[in-house]
Every structure is written in structure tokens, then in C-alpha cells.
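S.K.: The structure that follows is given in the form of C-alpha cells.
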Amino acid sequence: MGVHDNADSKYIVIGNSSFSKLASKRPTTVVFNESSSKIQKYEDNQQNIQAENVDKGNINLQQQRKSLPVYKLRKRLLEEIRRNSTLIIIGETGSGKTTQIPQFLLSSGIAGSSGCIGVTQPRRVAAVSVARRVASEQGVETGKLVGYCVRFEDVTSSQTRIKYLTDGMMVREAMTDEILSDYSVVILDEAHERSVQTDVLLGVARRAQNLRKLKNLPPLKLLVMSATMDVDKFSKYFQAPALYLEGRQHPVKIYHAVKSQEDYAFSALVTAFQIHRDSPANEDILVFLTGQEEIEAAVVSARQVAKQLDGQGYPPLKVFPLYSALPTHQQLEAFKPSAPGMRKLILSTNVAETSVTIGGIRHVIDTGVVKARTHHPTTGLDVLRVEKVSKAQAWQRTGRAGREAAGKCYRTYTKEEFERMKEMPVPEIQRCSLAGVALQLLAIGVDITTFDFMDKPPKEAVDVAVTCLEKLGAVKGSPPQLTTLGRTMSLFPLDPRFTKVILASTEHQCLEEALTVVALLSGESVFTDPPAKRQQAYVARSRFASPEGDHVMLLNVFRAYSNTKQKKAWCHENFLHHRNLEYAASVRQQLAMLAERANLEKASCGTNTEQLRKALLEGLYDNLAELQRDQTYITVSSKQPVAIHPSSTLHGSKPSLILFTEIVATGRCYLRGLSVIDSSWLAEKGFNIGKHD
DNA sequence: GATTGTAAT
């Protein structure tokens, strides 16, 4: 009669997590007040697996189009668009604006007889799926009248009149054509999401419109589509009126916690089981948490509680994690509709806020927190920490309960706590390094130091970015001017420091290796990290490890991957991310093409990977840390105390000088993506680092 | 000695 025979004791194994409280069956409830707030408007028109499945029912497409709320307003809308050179359109979820407005423009003749209607999206999947949808509504093949353009995929032709593209693609187009002469209308969709590229485009498109006016060229019509909360800001920035479009969204009842909760993850799980107890089966539950580790721990707890409830008259409960680092096949598990009489409980990061939509969700539990990254220009440090969400994000989460039917949203924080939240999240342009943006803008012909952003980034961030480009030799003078090298660099879709590594790699005869490593660094991690198999994953990875560091290890992984036939199975065996490796392979291919155009000398260093590390130093010379007498590290540039991240192959070793790709403060200040550097290489380059002896 | 929110060119 061991411990595990006792029905109650099996929860003891949950151990160190705070959820042991939950398993101990301490009588715990979270009490909610029904809120009087009406549901706010927020934006969402992501196409997704669910939506596409629904469309497969043979309902007449034209009938469907006519039933969309935007159809009724067609006439009024077109009048306003005719009258104004710029119009802000506030479109609620389900209004049909993304798919219909471009078609209205085309058929009404507003878009003219030539020239494209460009519709920008923050996400690739959205650009692709909306384009396909609109092509089928027009009864044409995608790529003819209606097409899309995203990285690696240009599905357009000379016949294309409606073109969906990522906002980053349009910024790139502006680099060779500052007046956007291919377009008669530009529609900036999802503008409220305020991605860096959208913010750049807001200014670039407005400038293109003015330039065309000044040069007496055919006018550029601008439509900015956004959610409610940003209206005044957009209206002011563009000096344009706003038009409101109603949406089609089911009501969501909001509940706030009566008392402030000290442990949001615990409260969320307690709430989930309260809902599970009280609600009919097939009403699925979506919980917003902050990160992989927290989610995996919560999944373990929830599954144990679900198992205990088995056979007690509750519907069977399936628990799924959801976060973007999860391999695709595991993500798909969470999307499968639950069988009749069952319930899904999905524990997700903010991917489920905008990027993906899950069917069947009737209950949302919002913990009110999110993990957010903020760049500090003066120290070069990125801070990644759990923060309170904004009201806009809270509303976005709430809306996820009302996609298919009336729903409920449980906020595990009080009404007062909600009221104290900021209205909008800080736009990304104010939270990131600007070197890449500064270079893009200069290539368009704009000086970032005077560019009229809707929300200005901090002056220090702009100064640091310009200085960084000067040091790389990409710009010179005041106001900053692009050099020949800078012009070449702007063609690469990379952080300028990575581009510099590629360009300088020719001096070290290792272009091939530089392309590989930079491609891998500019995507997501290729290592998978299933918490349950951490040790196995570590062992599997060790066969690629190198004493020279993570960059050479990445090279080893990619070389092995390239020589493998059964890539998917091989990735699985080796705890590697097939999706991310394939993506890196595409990036590498694109970079290789750009390198060829730039006439870079093809060369490989073979096993002499020291050359690669020297090339990395050419772009990342500011990212050095040295070992001190007390065996800890400090950064060379800002004397910041740092530590080697436990995921690094150099974790546990103590090289005296290391180069890092990234510096992120989470619990501590960690360096990730490391290479061992020989200090004599710095002397060769004329760098001086203050040795402490 | 102990771990990485989400997009995108």
C-alpha cells in the first residue's frame, strides 16, 4: 500500500508548483460579480482553420457576401470614400470590411481602371487566407485578379487589381518606389495592432500621398481600418473623418473577481473547474496565461484534477496547451473540435488573442497579464517580464468567447483593477531597437530623426540606432545619409548587424556558414524543449554541441539537417523544430540570392569554424562579455552583470571572452546565442577591451 | 547554476 495507492496522495507529486494548493482540495472558489459594462468594440478578422471549414458548406458565396453588415452600408461607404482622400474606418468583428471593401472599390470604379488596391495585414496567414477567400468570391484563380504577396511567396500577376500583402512587404516596396506608384488605393488593415511595420507604413503612405499631390500625379486614396479605441488618434494624425461599421458578434457577459487574487494562474484554474462543474458539455474554455513553463505546469495540474473528477458525472475534460513555440502538430490538437459530450480546456499565451482562433470557445478566463518585451536603448538590454494587459487587450480576450454564440468572460481581477489598466498597450515602435527601421526609412528617403511617427519612439532609441548604423558604415553625415554599403545593407531583410556579418564574412572566406547561421538566428529557435523530456532533449542536442559555442552548434545542426532525407522523423528524434528549420532554410535561400546579387564571393570555411566566429565579430562587436576574477561575467560595453543562459551549450563552461546574439533580462540578465572569442582578434581589429589585470 | 510573449522583411 504505497503512497500512490491512495487516491488523494497522487496529487502530492505535483510538488513545487503553486497548483498543489488546487490538488489538495482546499475549498477554494473565486467569486465573480457580473459586470455592468457592455462589451466594447474590438477588432478581429483573422481567417483561420475553423472559418475555412465553415465556408466549405455549399452556401452561395454571393448570398453570404450580401448578408455581411458592411453590405448594407455600401452606398454610404462609397460616397465617403469618394469624398475623402483619406478615411478612417472603424470596423467591428465580423463586419466583412477586409474582404468586401476592396471588392466594392473595384466594382464601383473608385480604384480607377488601372492600379492596384493594396490591403496590408500584420500577419502572413491573414494576407494569404483573405486573398484566397476574395479570389473565390470573385470566381477567379488566386494570383490573377486577386492575389497576395508575402515573404517567399508572390502570388500576383500583371492582371492583379486587389493585392493583399503584409505591411512589411509594402514597406519593402516603398524602398524602391517611395510614392507607391503601383497603387491607386492603399488600405492599412488592423492598424490598431500597431506593429512596427504598420507604424512605419502609416507615415510612409501618408508621405506618398502628399508627394503624389505635390508632383501632380494620380492621387493615392488611403483607408485606415482600425478598432474603436484608437479612432481619435488616427483621425488626428491623418486629419481625416472616421466611419463606423457595425459588426456581427455575439454578446459576452463579463464577470470580475470580487476580491483581488494573489495567484492569477491558480485562480484561473479554480475558475476553470467552477465553469466545468456548472456548464453544459461542449462549451469549451480558453484561459490566457503568460508563458510556456507556466502553461505546461498548469496543464499538468489541470489534467490531474480532471482525472480525479473522472466518473463523477462531469463531462470528460481534455486539456491542451497552446503557445507559438509548440510544434505544429501539437497546436493542431487544440484546434480539433471536441467530441459531443466532451469539453476542451485550452491554456494559451496571447497567441489566442489575435493570431489564431479556436472554435467552440464559450468561456474565456482572462488573468489580466501578458509577457511583454521592452528594449532599453541606452543599455542595449531587452527586458521580458509579466505585465498587466491594457483595457484594449482585455476586450480583445473577452471577444474570444463570443465568436460562435453568446459567451462569458471571467476576469480574475477586480473591476477596480480593470479600471486602473492603461487604455492601450505601448506601441511596439516605442519598445524595440530601431536600427533596422532607421535603415529602411533612409532607403525610402526619410530621415528617422525627423520622421513624423504617430507615436514618436524615445529620442535615445533613435540616436542609438543612427550611431549603430554609423559604426557599421551604413550611414554618415548629419542629417544621416545612406552610404553605398548602407544601400546594399538595406536590401537584406535582417537586423543591420546581421547583414554586416554576412557582408564581412567574405573577408574570412565563410559566406556559406555566415548565411546559415544568420538565417537560423533571424528565426525562432530550432530546438524543441518539451518540459517532460528535458533530459532526453539535452542528450539529443549534445551530439551537435561545440566547445566553440552556440553558433557553431547551429551550423552543425543545419549541416546535419541538410544531409538528411527523412527530415521530419529526424527532427523528432533529435528534438529539433522541423517547421523552424524549414523556415530557416527558406531564409537562407533568400539571403544567398541577395548575396549573389551583391556579388559576394562564395566561400566556405569547412571545418575551420574559427573564421565564422571572426565574421560574427564584424557585426556583433558591441555584444561582448568578459569573465571577471570572481568567475562572473560583465558586458564589455556597459559593464552590466550578466550570466550565460542555461540553454546555451557554453552554460557551465567559463571562456574568458564571449560574443552574444541577444541579451534578455528575465529572472536574471541572460546572454543567449554565444560564441567563444579570442581577445587577440580584437587587437587585430583595433578594438580595445579593458582587461582587469 | 538553472530557462525563451507575439508577429514580420
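For what it's worth, my numbering labels the leading residue of the first sequence as 1, then goes sequentially.
For each residue, glycine too, the CB sits at the ideal point set by N, CA and C.
Model, not experiment: these values are computed from the prediction.
1) To the nearest angstrom, how far is the alpha carbon of Leu620 from that of Leu347?
2) Between the alpha carbons of Ala615 and Gln197, how many angstroms are there, rounded?
3) What are the residues that DSSP puts in a beta bridge with Ile634?
4) I'd like the list of long-range same chain contacts for Asn45, defined as Cβ closer than 6 Å, with 5 residues on each side in sequence excluded.
5) Quick check on the burial criterion: 16 or more other C-beta atoms within 10 angstroms. Buried or exposed for Arg420?
6) Here's the rule I'm using: 16 or more other beta-carbon atoms within 10 Å means buried, otherwise exposed. How should His692 be labelled?
7) Excluding five sequence neighbours on each side, which residues of the same chain lie with their C-beta closer than 6 Å to the C-beta of Thr661?
8) Between which two residues does the beta strand (DSSP E) containing Ile295 stretch?
9) What would DSSP say about Lys531, mapped onto helix, strand or coil?
10) Use the C-beta contact count for Asn608: other C-beta atoms within 10 angstroms, 16 or more gives buried, fewer gives exposed.
11) Taking C-alpha atoms, which residue in Val557, Ser546, Thr635 and Leu515 lies nearest to Met593?
12) Tell me the DSSP secondary structure of Met694 in three-state form.
13) Hey, how far is the Cα of Ala352 from the Cα of Gln331?
14) Pull the bridge partners of Pro321 from the DSSP assignment, please.
15) Do you know offhand how far Val517's Cα is from Gly549's?
16) Measure from the alpha carbon of Glu333 to the alpha carbon of each residue in Tyr314, Pro315 and Ile358, then state which is nearest.
17) Between Lys685 and Thr328, what straight-line distance do the alpha-carbon atoms span, to the nearest angstrom?
18) What do you reckon, are the CB atoms on Thr412 and Gly368 nearer than 8 Å?
19) What's the C-alpha gap between Glu92 and Thr228?
20) Three-state secondary structure (DSSP) at Val140?
21) Please report the Cβ distance between Glu720 and Thr378, rounded to the nearest whole angstrom; I am assuming they are in contact, meaning their Cβ atoms lie under 8 Å.
22) How many angstroms separate the CA atom of Ala281 from the CA atom of Ile89?
23) Across which residues does DSSP place Cys726 in a beta bridge pair?
24) With a cut-off of 8 Å, do at least 3 Cβ pairs link the region 107-117 to the region 126-146?
25) For Leu223, which option in Lys318, Ile634, His250 and Val119 has the closest C-alpha, if you only look at C-alpha atoms?
26) So, are the CB atoms of Phe453 and Ile429 less than 8 Å apart?
27) Here's the rule I'm using: 16 or more other beta-carbon atoms within 10 Å means buried, otherwise exposed. How should Lys699 be labelled?
28) May I have the straight-line CA-CA distance separating Gly436 from Val426, to the nearest angstrom?
29) Assuming the contact rule is C-beta atoms closer than 8 Å, Ile444 and Ala465 should be a hit. Round their C-beta distance to whole Å, please.
30) Of the choices Leu469, Ala537, Tyr410 and Ser490, whose alpha-carbon is the least far from that of His256?
31) Is it right to say Val258 is buried, meaning 16 or more other beta carbons lie within 10 angstroms of its own, or is it exposed?
32) Would you mind working out which of Gln159, Asp463 and Phe492 sits nearest Pro479, comparing C-alpha positions?
33) Which residue's Cα is closest to the Cα of Met169: Ala405, Gln308 and Leu180?
34) Please check the pair Asn84 and Ala297, which I expect to be a contact at CB under 8 Å, by giving their CB distance rounded to whole angstroms.
35) Pull up the CB-CB distance for Phe418 and Ala401, whole angstroms please, since I reckon it's below 8 Å.
36) Less than 8 Å between the CB atoms is what I'm expecting for Met489 and Ala504, so what's the real figure, rounded?
M.R.: In terms of the structure at hand:
1) 38 Å
2) 29 Å
3) Paired residues: Glu626 and Pro641.
4) Because Asn45 carries a pLDDT of 34, less than 50, the predicted location of this residue cannot be relied on, and no value is offered for it.
5) exposed
6) Because the pLDDT at His692 is just 41, under 50, the model does not fix this residue reliably, and the point stays unresolved.
7) Leu521 and Gly673
8) Ile295 -> not in any beta strand (DSSP E); alpha helix (DSSP H) instead, spanning Gln292 to Leu309.
9) The amino acid occupying residue 531 in the given sequence is Pro; Lys does not appear at that position. Helix at Pro531.
10) exposed
11) For the residues Val557, Ser546, Thr635 and Leu515, the minimum Cα distance to Met593 belongs to Leu515.
12) Residue coverage of the chain in this structure runs from 1 to 693, which leaves residue 694 outside it and unanswerable.
13) Distance between the alpha carbons of Ala352 and Gln331: 11 Å.
14) Leu347
15) 12 Å
16) Ile358
17) Take the alpha-carbon of Lys685 and the one of Thr328: they are about 44 Å apart.
18) yes
19) Cα to Cα, the separation comes out at about 8 Å.
20) coil
21) No answer is possible for residue 720: the residues shown for the chain start at 1 and end at 693.
22) 39 Å
23) This structure cannot settle anything about residue 726, because the visible part of the chain is limited to 1 through 693.
24) Cβ pair count under 8 Å is below three, so no.
25) Nearest to Leu223 by C-alpha distance, out of Lys318, Ile634, His250 and Val119, is Val119.
26) yes
27) Lying outside 1 to 693, the shown extent of the chain, residue 699 is not represented and no answer is given.
28) 19 Å
29) Not a contact, Cβ separation roughly 15 Å.
30) Tyr410
31) Under this definition Val258 is an exposed residue.
32) Closest in alpha carbon position to Pro479, among Gln159, Asp463 and Phe492, is Asp463.
33) Leu180
34) Contact doesn't hold; Cβ gap of about 52 Å is too wide.
35) The Cβ separation is near 16 Å, so there is no contact.
36) About 11 Å separates the two Cβ atoms, so there is no contact after all.
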